Amino acid sequence: MTDENTPGAAGGSAARRRRRGLARAGPFAAAAAVTVLLAGTAVAGGERETEHGFAEGAQFRILAPADPGGGWDQTAREMQAALRDQVGRAEVYNVGGAGGTIGLNQYARLPADPTELMVTGLIMVGAIETSGSEVTMDDTTPLARLTTDYEVIVVPEGSQVRDLADLVDLMREDLKAVSIAGGSAGGVEQILAGLIAQEIGADPAEVNYIAHAGGGELLSTVLSGRSTAAVSGVSEILPQIEAGRLRPIAVSSAERLPMLPDVPTLRESGVDVELSNWRGVVAPAGISREEERRLEDLIMTMARSRGWQEALDRRGWGDAALAGPEFEHFLQAERKRTTEVLDRIGLT
15 MTDENTPGAA
25 GGSAARRRRR
35 GLARAGPFAA
45 AAAVTVLLAG
55 TAVAGGERET
65 EHGFAEGAQF
75 RILAPADPGG
85 GWDQTAREMQ
95 AALRDQVGRA
105 EVYNVGGAGG
115 TIGLNQYARL
125 PADPTELMVT
135 GLIMVGAIET
145 SGSEVTMDDT
155 TPLARLTTDY
165 EVIVVPEGSQ
175 VRDLADLVDL
185 MREDLKAVSI
195 AGGSAGGVEQ
205 ILAGLIAQEI
215 GADPAEVNYI
225 AHAGGGELLS
235 TVLSGRSTAA
245 VSGVSEILPQ
255 IEAGRLRPIA
265 VSSAERLPML
275 PDVPTLRESG
285 VDVELSNWRG
295 VVAPAGISRE
305 EERRLEDLIM
315 TMARSRGWQE
325 ALDRRGWGDA
335 ALAGPEFEHF
345 LQAERKRTTE
355 VLDRIGLT
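Take 15 as the starting number for the sequence shown in the working numbering and just add one per residue.
Printed below as a string of structure tokens:
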């Protein structure tokens with residue numbers, strides 16, 4: 015979900031990113047420079063570098079800008095495991111809230127340290143736009159897109175809503191009486207709910223959407239009956255489906271998904287909507303071009319690794335690895351597209 019006060023720049027020019035990063039670093043700049051000098055001295059003194067140019071044993075940190083258990087957290091922790099063979103140690107920490115913009119605001123204050131990474135994605139793109147966040151994706155260095163993930167609409171196992179047709183009938187009868195639980199305001203789940211309403215001839219701005227900061231809260235809402243249905247990423251809600259607590263009624267993909275082969279797509283169910291989520295990774299603004307290149311190389315090597323490919327299969331994620339200028343162009347297009355969709359369904 016996302017942002018932007020400057021829709022024409024997908025991450026901005028490298029020069030602007032460096033200026034912003036240095037200005038933001040303030041008193042941290044000297045310390046960061048000393049850190050780099052010391053790292054260089056250590057390498058010169060005999061400490062080995064990895065094939066990607068980072069000191070062997072370097073400590074990477076990965077910010078998941080959401081509470082534990084969600085898609086960003088899952089991505090960060092799978093990265094942590096997959097990077098182990100490449101860089102050794104990696105630490106994951108969580109800063110949740112407001113569609114990732116709270117984490118983004120904290121991340122943007124970090125010095126230009128190439129070992130500090132953050133998971134991002136479509137949800138953050140939309141949240142920046144709907145929240146009016148002053149910190150945007152321009153305040154980071156985009157590195158790579160990693161995965162795609164589709165959404166699934168679920169109801170409690172005992173719900174009288176048998177399929178999507180039943181849910182659509184209820185929405186047409188009284189849209190405001192049908193509550194739909196999902197993730198952060200302006201995120202992919204709210205966008206999907208709005209697009210469904212628009213497709214069936216209802217006012218998307220009138221959808222009774224209940225936003226949540228984390229998957230645990232969402233689950234509590236839908237299981238308690240406080241919402242008619244819920245929308246979530248397949249990988250996040252699949253364990254509850256497999257446990258029989260929730261019943262899936264439609265997926266947002268173009269074709270049925272291997273992990274939910276009996277669940278029809280929205281289009282199969284008569285609603286001409288398709289939507290996918292994506293997740294990627296960024297570095298702080300202000301890192302050098304050489305550091306950016308080495309990080310992109312590291313991330314793409316990770317994305318081709320056996321461990322990461324196994325994670326994709328286990329989570330049901332699509333392999334969407336894309337780095338460098340191609341990712342920056344993709345991000346620019348996503349910001350423009352998301353802004354237009356949010357405006358169209360009355361969320362901005």
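Think of the CB as a built atom: it goes at the ideal place given N, C-alpha and C, for glycine as much as any other residue.
Since we're looking at a predicted model, the values are computed, not measured.
- Comparing alpha-carbon positions, the option among Val277, Ile76, Gly85 lying closest to Gly230 turns out to be Gly85.
- In this structure, Leu289 places its C-beta atom within 8 angstroms of the C-beta atom of Glu165.
- Taking the Cα of Thr115 as reference, the smallest distance to any Cα among Pro262, Leu77, Glu130, Ala126 is reached at Leu77.
- For the options Val139, Pro82, Gln94, Ala122, the alpha carbon positioned closest to that of Ile301 is the one of Ala122.
- Under the rule that a run must span 4 or more residues, the alpha helix (DSSP H) segments found entirely inside the region 202 to 290 read 202 to 213, 229 to 237, 248 to 256.
- Distances from the alpha-carbon of Trp322 to those of Arg98, Arg103, Phe68, Ser193 put Arg98 closest.
- Looking from the CA of Leu157, the closest CA among Ser319, Thr315, Ala297 belongs to Ala297.
- In summary, Gln254 is buried, with 16 or more beta-carbon neighbours lying within 10 Å of its beta-carbon over all protein chains present.
- Two segments are said to touch when three or more pairs of C-beta atoms, one from each, lie closer than 8 angstroms; by this definition the region 208 to 224 touches the region 188 to 195.
- With respect to the 8 angstroms criterion, Val182 and Val285 are classified as neighbours on the basis of their beta carbons.
- Listed in chain order, the alpha helix (DSSP H) runs fully inside the region 64 to 98 are 85 to 96, counting runs of at least 4 residues.
- Distance from the CA atom of Ser267 to the CA atom of Leu280, rounded to whole angstroms, is 8 angstroms.
- The criterion of a C-beta distance shorter than 8 angstroms is not satisfied by Trp331 and Asp81.
- Here the alpha carbon of His343 sits roughly 18 angstroms from the alpha carbon of Asp333.
- Out of Val106, Thr353, Ser173, Ala104, the CA that lies nearest to the CA of Pro262 is found in Ser173.
- Per DSSP, Ser145 is one residue of the alpha helix (DSSP H) stretching across 136 to 145.
- For Gly110, the CB contacts under 6 angstroms within the same chain, skipping 5 residues up- and downstream, are Ala80, Asp81, Ala227 in chain order.
- As the crow flies, the alpha-carbon of Ala96 is around 11 angstroms from that of Leu326.
- In the DSSP secondary-structure assignment, Arg103 is bridged to Gln73.
- Residue pairing by DSSP places Glu171 in no beta bridge whatsoever.
- For Leu356, the uninterrupted alpha helix (DSSP H) run begins and ends at 339 to 358, by DSSP.
- Here Ala334 carries a strand assignment [DSSP, helix/strand/coil].
- Residue pairing from DSSP places Arg159 in a beta bridge opposite Gly294, Leu336.
- Leu184 carries a helical assignment under DSSP once its states are collapsed to helix, strand and coil.
- In this structure, Asn108 lies away from Val202, with their beta-carbon atoms at least 8 angstroms apart.
- Residue pairing by DSSP places Ser193 opposite Asn222 in a beta bridge.
- By the criterion of a C-beta distance shorter than 7 angstroms, Gly247 is surrounded in its chain by Gly85, Asp163, Glu165, Asn291, once the five residues flanking it on both sides are discounted.
- Taken through DSSP and simplified to helix, strand or coil, Glu165 comes out as strand.
- Counting the other Cβ atoms within 10 Å of the Cβ of Asp87 gives 16 or more, which makes it buried.
- For Gln73, the closest alpha carbon among the candidates Gly83, Thr129, Glu143, Gln100 is that of Thr129.
- Assigned with DSSP and collapsed to three states, Glu324 falls in helix.
- If you ignore the 5 residues before and after Leu309, its C-beta comes within less than 7 angstroms of the C-beta of Pro128, Leu157, Ala297, all in its own chain and listed in chain order.
- Taken through DSSP and simplified to helix, strand or coil, Leu124 comes out as coil.
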